[in-house]
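In this note's numbering, the protein residues as written are 4 to 420. First up is the structure itself, then whatever we jot down about it.
Pasting the structure below:
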């Protein structure tokens, strides 16, 4: 009993964070009737198909890698059928969302006062975008947790220089490619940065964690080559920049408005095989880059701006299914909150990230890596648009971490003066 009491006392902040998150989720659910909504987004259907393909048919999916497919399809492994994974995805998302808050608290309490770290975790939970997306079969909360986990172990390595922490962090980052393939350039960049250390420990047991993550990536690449024709993580990248970024550039060139729906260029691309789509998309991007450069740049900036100022579509699309009198007011208020939270965290995140990069010689290495991850996320978001705040939700915890770092530096400077 004494050990249990000590455990509960030592974990009191973690337990309070989890309790607060669950209570807040219940409040949001009551205000927006989230559990009663029936709309399913096209991307959710593709994750459903990927989970079914992997867990039931033992094959890959052209757009969704095996990492997210495995996580989503776990119920099938234990005998579930039909659409059970949509319910399962909610619990996965909530677990990742709450765990992200706990990681934020754990990392920040090493730098700032425990109470401030606790409040920072609560601020993240109060962000309505990450909370409402929990009700959809999408990757954002899972990916956010993985990136925070990478930063957590990166920080542990920087503080202790224990290679085990670095190997775990790198393996988590590598695995994130199988959840959200857009992280591949970041993963390769960090891997190259750490390659000398990895080589020095190449025979260490800890390095086998990295080898395991690489083996999973090799399975993904080999499976895609055998099944579809190209050794690629996913075909989604070419489809995305062709149908969004390049198509908007063409619209600017022709002086016509861009529409995500009824996209003639998307319909044209869809008639070809997957390997052909990849070639056509790459050739089209090269064409836009060399012969329509200004409009491509305008389209890219427009996409980043759209992703920065938009609110949560998961709130906007909610319907008053229970016919409550307060629904429309709650919906309008929370959508506005999601919009301004996106603008606030993206703005301060960019400011602190750029400031940290400029002063990288004087900044903690964890702060620099956090800044790199945040900037990478913003830069990558420019290939797509018309998705509300979805592409910038990952930024929120990194902005909070950088804000904590700034508080630390401000207090040190104040104490010195």
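We put the beta carbon where it would ideally sit given N, CA and C, even for glycine. Owing to the predicted nature of the structure, the values given are computational and were not obtained by experimental measurement.
Return the first residue and the last residue of the alpha helix (DSSP H) that residue i is part of.
i	result
residue 334	330-361
residue 280	277-294
residue 234	Unbroken run through residue 234: none, as it is neither H nor E.
residue 13	5-13
residue 109	87-111
residue 63	Segment: none, residue 63 is in no alpha helix (DSSP H) and carries neither H nor E.
residue 123	117-128
residue 252	250-257
residue 76	69-80
residue 179	166-179
residue 374	368-384
residue 273	267-273
residue 317	316-319
residue 243	239-243
residue 143	143-163
residue 203	198-203
residue 135	131-135
Could you check which residue in the options has the C-alpha nearest to that of residue i?
i	options	result
residue 406	348, 364 and 376	348
residue 233	200, 66, 318 and 171	66
residue 394	146, 362 and 58	146
residue 44	335, 286 and 138	138
residue 105	187, 212 and 14	14
residue 136	275, 403, 315 and 344	315
residue 275	318, 231, 258 and 264	231
residue 213	172, 187 and 241	172
residue 345	164, 133, 19 and 193	133
residue 38	92, 6, 70 and 78	92
residue 188	19, 240 and 143	240
residue 78	68, 25 and 58	58
residue 219	199, 194, 254 and 182	182
residue 235	205, 273 and 282	282
residue 162	206, 113 and 307	113
residue 2	301, 194 and 357	A query on residue 2 cannot be resolved here, the shown segment of the chain reaching from 4 to 420 and no further.
residue 94	124, 28 and 154	28
What's the C-alpha gap between residue i and residue j?
i	j	result
residue 299	residue 158	38 Å
residue 152	residue 169	11 Å
residue 51	residue 83	13 Å
residue 323	residue 342	21 Å
residue 30	residue 42	20 Å
residue 409	residue 338	29 Å
residue 284	residue 385	16 Å
residue 237	residue 23	37 Å
residue 402	residue 203	33 Å
residue 208	residue 201	12 Å
residue 36	residue 196	46 Å
residue 259	residue 291	16 Å
residue 64	residue 303	28 Å
residue 184	residue 278	17 Å
residue 243	residue 263	11 Å
residue 266	residue 115	50 Å
residue 48	residue 70	16 Å
residue 192	residue 107	24 Å
residue 55	residue 103	27 Å
residue 268	residue 383	22 Å
residue 404	residue 142	21 Å
residue 336	residue 34	10 Å
residue 16	residue 164	27 Å
residue 6	residue 12	10 Å
residue 307	residue 261	15 Å
residue 334	residue 46	23 Å
residue 62	residue 361	46 Å
residue 8	residue 60	48 Å
Checking 9 Å against the spacing of the C-beta atoms, do residue i and residue j come in under that value?
i	j	result
residue 178	residue 216	yes
residue 119	residue 111	yes
residue 190	residue 167	no
residue 305	residue 251	yes
residue 287	residue 40	no
residue 180	residue 186	yes
residue 75	residue 149	no
residue 126	residue 318	no
residue 121	residue 20	yes
residue 32	residue 396	no
residue 154	residue 373	yes
residue 53	residue 72	yes
Cβ contact check for the stretch 347-355 and the stretch 221-233: 3 or more pairs under 8 Å: They do not touch, by the three-pair rule.
Three or more C-beta pairs below 8 Å linking the stretch 290-306 and the stretch 365-375: Short answer: they don't touch.
Touch test, the stretch 385-404 against the stretch 245-253, Cβ-Cβ under 8 Å, three pairs minimum: The stretch 385-404 vs the stretch 245-253: in contact.
Any 3 or more C-beta pairs closer than 8 Å across the stretch 98-114 and the stretch 308-324: Taking one beta carbon from each stretch, the stretch 98-114 and the stretch 308-324 have fewer than 3 pairs nearer than 8 Å; the two do not touch.
Three CB pairs or more closer than 8 Å across the stretch 313-331 and the stretch 374-382: No, because fewer than three Cβ pairs between the stretch 313-331 and the stretch 374-382 fall closer than 8 Å, the two stretches do not touch.
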